[in-house]
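Worksheet for the structure shown next.
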Amino acid sequence: MSLSQTKALGRAADAARRPFRWPALLAPDGHGIAYGGDYNPDQWPESVWDDDIRLMTKAGVNTVALAIFSWDRIQPAEDEWDFDWLDRIIGKLGAAGIAVDLASATAAAPLWLYPAHPEVLPIDRYGHTINPGSRQSWSPTSPVFKDYALEMCRRLAERYGDSPAVTAWHVGNEYGWNNRYDYSDNTLRAFRRWCEREYGTVGALNEAWGTAFWSQAVTSFDQVIIPRHMGGDAMVNPSQQLDLERFGSECLKEFYKAERDAITEICPDKPITTNFMVSTDQCTMDYADWSDDVDFVSNDHYFHEGESHLDELACSDALMNGLALGKPWYLMEHSTSAVQWKPLNSRKRGGELVRDALAHVALGADAINFFQWRQSRSGAECFHSAMLPHAGEDSKVFRETCELGGLLRRLSAAGLQGAALRPSRTAILFDADCEWMTRSETLPSMKLSHWHDVRDWYRAFLDASARADVVPLRADWSDYDTVVLPTMFILSESDAGRVRAFARSGGRVIVGYATGIADEHTHVALGGYPGMLRDMLGVRGEEFNILSGADDGASTAADGAGLGDPGTVTLSNGSVSRLWANVVTSVAPDATVLATYEGTDAAAWELDGVPAIVRHPYGEGEAYYIGCDLDRADIARFLRDEFSGALPAERQSADASAALVGLESESHTDASLIRTRRSTDTADFDFVINRSGQTVSVPAVAGEMVVAYRCDAAESGSPAYALRPNGILITKTAH
Ligand code: GLA
Ligand code: GLA
Numbered sequence: 001m002s003l004s005q006t007k008a009l010g011r012a013a014d015a016a017r018r019p020f021r022w023p024a025l026l027a028p029d030g031h032g033i034a035y036g037g038d039y040n041p042d043q044w045p046e047s048v049w050d051d052d053i054r055l056m057t058k059a060g061v062n063t064v065a066l067a068i069f070s071w072d073r074i075q076p077a078e079d080e081w082d083f084d085w086l087d088r089i090i091g092k093l094g095a096a097g098i099a100v101d102l103a104s105a106t107a108a109a110p111l112w113l114y115p116a117h118p119e120v121l122p123i124d125r126y127g128h129t130i131n132p133g134s135r136q137s138w139s140p141t142s143p144v145f146k147d148y149a150l151e152m153c154r155r156l157a158e159r160y161g162d163s164p165a166v167t168a169w170h171v172g173n174e175y176g177w178n179n180r181y182d183y184s185d186n187t188l189r190a191f192r193r194w195c196e197r198e199y200g201t202v203g204a205l206n207e208a209w210g211t212a213f214w215s216q217a218v219t220s221f222d223q224v225i226i227p228r229h230m231g232g233d234a235m236v237n238p239s240q241q242l243d244l245e246r247f248g249s250e251c252l253k254e255f256y257k258a259e260r261d262a263i264t265e266i267c268p269d270k271p272i273t274t275n276f277m278v279s280t281d282q283c284t285m286d287y288a289d290w291s292d293d294v295d296f297v298s299n300d301h302y303f304h305e306g307e308s309h310l311d312e313l314a315c316s317d318a319l320m321n322g323l324a325l326g327k328p329w330y331l332m333e334h335s336t337s338a339v340q341w342k343p344l345n346s347r348k349r350g351g352e353l354v355r356d357a358l359a360h361v362a363l364g365a366d367a368i369n370f371f372q373w374r375q376s377r378s379g380a381e382c383f384h385s386a387m388l389p390h391a392g393e394d395s396k397v398f399r400e401t402c403e404l405g406g407l408l409r410r411l412s413a414a415g416l417q418g419a420a421l422r423p424s425r426t427a428i429l430f431d432a433d434c435e436w437m438t439r440s441e442t443l444p445s446m447k448l449s450h451w452h453d454v455r456d457w458y459r460a461f462l463d464a465s466a467r468a469d470v471v472p473l474r475a476d477w478s479d480y481d482t483v484v485l486p487t488m489f490i491l492s493e494s495d496a497g498r499v500r501a502f503a504r505s506g507g508r509v510i511v512g513y514a515t516g517i518a519d520e521h522t523h524v525a526l527g528g529y530p531g532m533l534r535d536m537l538g539v540r541g542e543e544f545n546i547l548s549g550a551d552d553g554a555s556t557a558a559d560g561a562g563l564g565d566p567g568t569v570t571l572s573n574g575s576v577s578r579l580w581a582n583v584v585t586s587v588a589p590d591a592t593v594l595a596t597y598e599g600t601d602a603a604a605w606e607l608d609g610v611p612a613i614v615r616h617p618y619g620e621g622e623a624y625y626i627g628c629d630l631d632r633a634d635i636a637r638f639l640r641d642e643f644s645g646a647l648p649a650e651r652q653s654a655d656a657s658a659a660l661v662g663l664e665s666e667s668h669t670d671a672s673l674i675r676t677r678r679s680t681d682t683a684d685f686d687f688v689i690n691r692s693g694q695t696v697s698v699p700a701v702a703g704e705m706v707v708a709y710r711c712d713a714a715e716s717g718s719p720a721y722a723l724r725p726n727g728i729l730i731t732k733t734a735h
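If you read the sequence shown in UniProt numbering, its first letter stands for residue 1, the second for the next number, and so on.
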């Protein structure tokens, strides 16, 4: 491995981070890819358990996450505890060689708690009490709830801390899914303390929040309010709202840490995690912050409608790899087929179960788990797919579950576990603050979404035959060659300084249209947009030209029918600006304008000839400014136009001519494939995934074949393989 790769993998070795620890399997050497899912034996009569174990063994399951929602079964009444059933099932699992990731059992509280302690319930922004009856019906700032939860944690740790079958702890479950926002008085008090810690003086808070606007100055921290419902059209101060988001994430993290510490004080030697919810529509928590407080990073990934499932998966996983700092991460949940919480829940078709799971492995997962083992027959999630479906053992889903187990065993035997994902040379930056900010309802456009733009850039890289990493803004990305900042509306001066320093010392920075407009308190940087990065970019804009994005042909200026203003604007390179175009009024003398707005729609908006895409040399490096909202095909066009070319001789391979220079670690020439490499000290594992709906020809791949899923040897010689839809090919090269 080259020095630069080693450096990139070790990026941001943060002293504040808990050391990486990975759960052992119950195999003789403890190694291997973990495989299994959430197991809820308490939903079933005990007579089913032996059959569960038999079928788990048949499927190759070696791990389960147990007791996530079992509080009422373990503590049926305040003074009554029942561990016997848990002893029995842990005993059976351990005897079968199935490791237990034991939950803190606190994700759903028992109903007996509420009549005695209604004060544990969260309050919504209208002052209504949230009712029990589902899960996470508790406030993270309720001291009473915390006492009950920590007692459960301690009792479980005391009872199972020494159990050889329990190899990891699973604290809570998807913190913040149901109780992300709580407007109770306890939370108000906690927010005031948080503000006092953050700002020190009321003067600093007034300045940061811009409270001079609408007479909102506070003269003591006791006057700080949380933005409860303020009447019909009241708009929330965006600086205050952003702080509420930050506080809320920290507040739940503090709750997690209290539960974690209650367990680790009694059982210090087993790795501990909580499952995140990273997918590109979600940003519940600032997981870059949370990642420092787990021993290994784990995620629940469910795909979202309207996007290529595989691309979305890869983008989310790229961020997981970024959160894990290049170490393997744990897929705690995904689905074998349909979920049950969308308006329409489509099933996975043949091969998608295995393909998705192996794609997660390709992107750095060393554990593949599902929600859940046995499909429930009652309750809110009984139509959610599982490893063992309603139809039973004789079913397509269970057969694929078994097939996947076999493939993962093969990867384990080949020594994949622990391999690090080789970084790209390009990092797309992600920041929770920016995502929360773009959800504000007080911006020039309510259609902004940082996360969606990260995803569009990610997919555009794939469309341009390259693969980027997704890296938290707060991580150390200085070893990359190129960084992309998509819709990072706010940037602190210190982060803007890091971006400038990166370019000055030879990096390439690509900056999106609504980026660097304001600082971390949402104060606009004055003097022309984008004020935080104007000098580096060599551009100065004075206004935003907000568009509807509707390209319905009815509103063009050319038709003279006066049907309204154009909803999109064309660029001189053929691209189209959709929602947003910056009105750039000057560019630096040493900048190069790569595209302008052009044509009748541009003229209608007085944008004809205005610079849209600009390149500017900066120090030893360069900065690109994309001043408008391009769709992913146009982003891919930009990448191809600017970065296609011959690789330097030492990086050339037979098919390298179309590679995007400096954006990727490997030449990557076919947009219908995703290629990754994971490496250990002794071997490289190369993954080739078909991302198209067609059969794709793949040239010979180095190394010995480990998995050829939906992949046929080609009839003759070259190309070597025909990779069918949902196909994936994994090879190993020892070194
Ligand atoms: C109203 C209010 C102003 C301002 C404007 C914004 O007119 O009186 O304070 O909020 O709306 O359009
Ligand atoms: C989440 C939860 C699970 C289950 C699944 C269903 O990931 O953690 O308990 O509700 O969603 O998709």
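No residue lacks a Cβ here, since even glycine has one placed at the ideal position from N, Cα and C.
Reference residue i; option with closest CA among the options
i           : options               : result
residue 157 : 94, 103 and 511       : 103
residue 347 : 320, 302, 445 and 361 : 302
residue 425 : 439, 296, 662 and 436 : 662
residue 117 : 91, 145 and 638       : 145
residue 699 : 644, 670 and 432      : 670
residue 428 : 132, 474 and 641      : 474
residue 300 : 600, 630, 38 and 683  : 38
residue 68  : 316, 295, 274 and 608 : 274
residue 441 : 570, 239, 364 and 505 : 239
residue 506 : 109, 618 and 192      : 618
residue 574 : 584, 601 and 687      : 601
residue 605 : 133, 482 and 566      : 566
residue 147 : 100, 728, 408 and 255 : 255
residue 288 : 433, 107 and 191      : 433
residue 178 : 135, 127, 199 and 59  : 135
residue 509 : 98, 485 and 276       : 485
residue 80  : 58, 97, 113 and 51    : 113
residue 525 : 472, 489, 645 and 132 : 489
residue 519 : 532, 511 and 87       : 532
residue 55  : 30, 250 and 403       : 403
residue 664 : 94, 708 and 482       : 482
Counterpart residues of residue i in DSSP-defined beta bridges
i           : result
residue 582 : 544
residue 660 : 644
residue 169 : 102 and 272
residue 330 : 298 and 367
residue 35  : 368
residue 285 : Paired residues: none, contrary to the question.
residue 394 : Its beta-bridge partners do not exist; DSSP assigns none.
residue 388 : 374
residue 421 : 678
residue 577 : 569
residue 734 : 683
residue 673 : 690
residue 430 : 472
Contact with chain C by residue i, beta-carbon distance below 8 Å
i           : result
residue 315 : In summary, chain C is missing from the structure at hand, where a single protein chain is found.
Quick check: the stretch 254–273 against the stretch 147–163, are at least 3 beta-carbon pairs closer than 8 Å? At 8 Å Cβ cutoff, the stretches touch.
At 4 residues or longer, what runs of the alpha helix (DSSP H) sit wholly inside the stretch 196–254? Taking only runs of at least 4 residues, the alpha helix (DSSP H) segments lying wholly in the stretch 196–254 are 202–209.
Count the C-beta pairs between the stretch 182–192 and the stretch 163–174 that are closer than 8 Å, then say yes if the count reaches three, no if not. Not touching, per the Cβ criterion.
Quick check on the DSSP output: what are the complete beta strand (DSSP E) runs of length 3 or more inside the stretch 494–564, in order along the chain? The qualifying runs are 508–511 and 539–546.
Which ranges does the beta strand (DSSP E) cover as unbroken runs of at least 3 residues, wholly within the stretch 586–645, from first to last along the chain? Taken in chain order, the whole beta strand (DSSP E) runs of length 3 or more contained in the stretch 586–645 are 592–596, 611–618 and 621–626.
What runs of the beta strand (DSSP E), each 3 residues or longer, lie entirely inside the stretch 91–146? Counting whole runs of 3 or more residues, the stretch 91–146 contains the beta strand (DSSP E) stretches 99–103.
Three Cβ pairs or more, each shorter than 8 Å: is that satisfied between the stretch 26–43 and the stretch 58–70? Yes, they touch.
Please give me, in chain order, every unbroken run of the alpha helix (DSSP H) with length at least 4 that falls completely inside the stretch 42–101. Runs of the alpha helix (DSSP H) lying entirely within the stretch 42–101 and spanning at least 4 residues, in chain order: 49–59, 71–74 and 84–95.
Three or more C-beta pairs below 8 Å linking the stretch 389–398 and the stretch 622–636: With the cut-off at 8 Å, the stretch 389–398 and the stretch 622–636 do not touch.
Considering only residues of the UniProt domain "Beta-galactosidase C-terminal" (675–730), which uninterrupted beta strand (DSSP E) runs meet the minimum length of 3 residues and lie entirely inside it, listed in chain order? Every unbroken stretch of the beta strand (DSSP E) spanning 3 or more residues and falling wholly within the UniProt domain "Beta-galactosidase C-terminal" (675–730) is given here in chain order: 683–690, 696–698 and 704–713.
Are the stretch 488–504 and the stretch 312–326 in contact at 8 Å, needing three or more beta carbon pairs? Taking 8 Å as the limit for Cβ pairs, the verdict is that the stretch 312–326 does not touch the stretch 488–504.
Across the stretch 461–476 and the stretch 587–594, are there enough close Cβ pairs to call them in contact, namely three or more that are closer than 8 Å? With the cut-off at 8 Å, the stretch 461–476 and the stretch 587–594 do not touch.
Check whether the stretch 408–422 and the stretch 374–385 are in contact - that is, three or more C-beta pairs closer than 8 Å. They do not touch, by the three-pair rule.
Could you tell me whether the stretch 448–459 touches the stretch 536–548, using the rule of 3 or more Cβ pairs below 8 Å? The answer is no - the stretch 536–548 does not touch the stretch 448–459, with fewer than three Cβ pairs under 8 Å.
Three-pair Cβ contact test at 8 Å for the stretch 455–469 versus the stretch 633–643: Contact holds between the stretch 455–469 and the stretch 633–643, because three or more Cβ pairs, one in each stretch, are under 8 Å apart.
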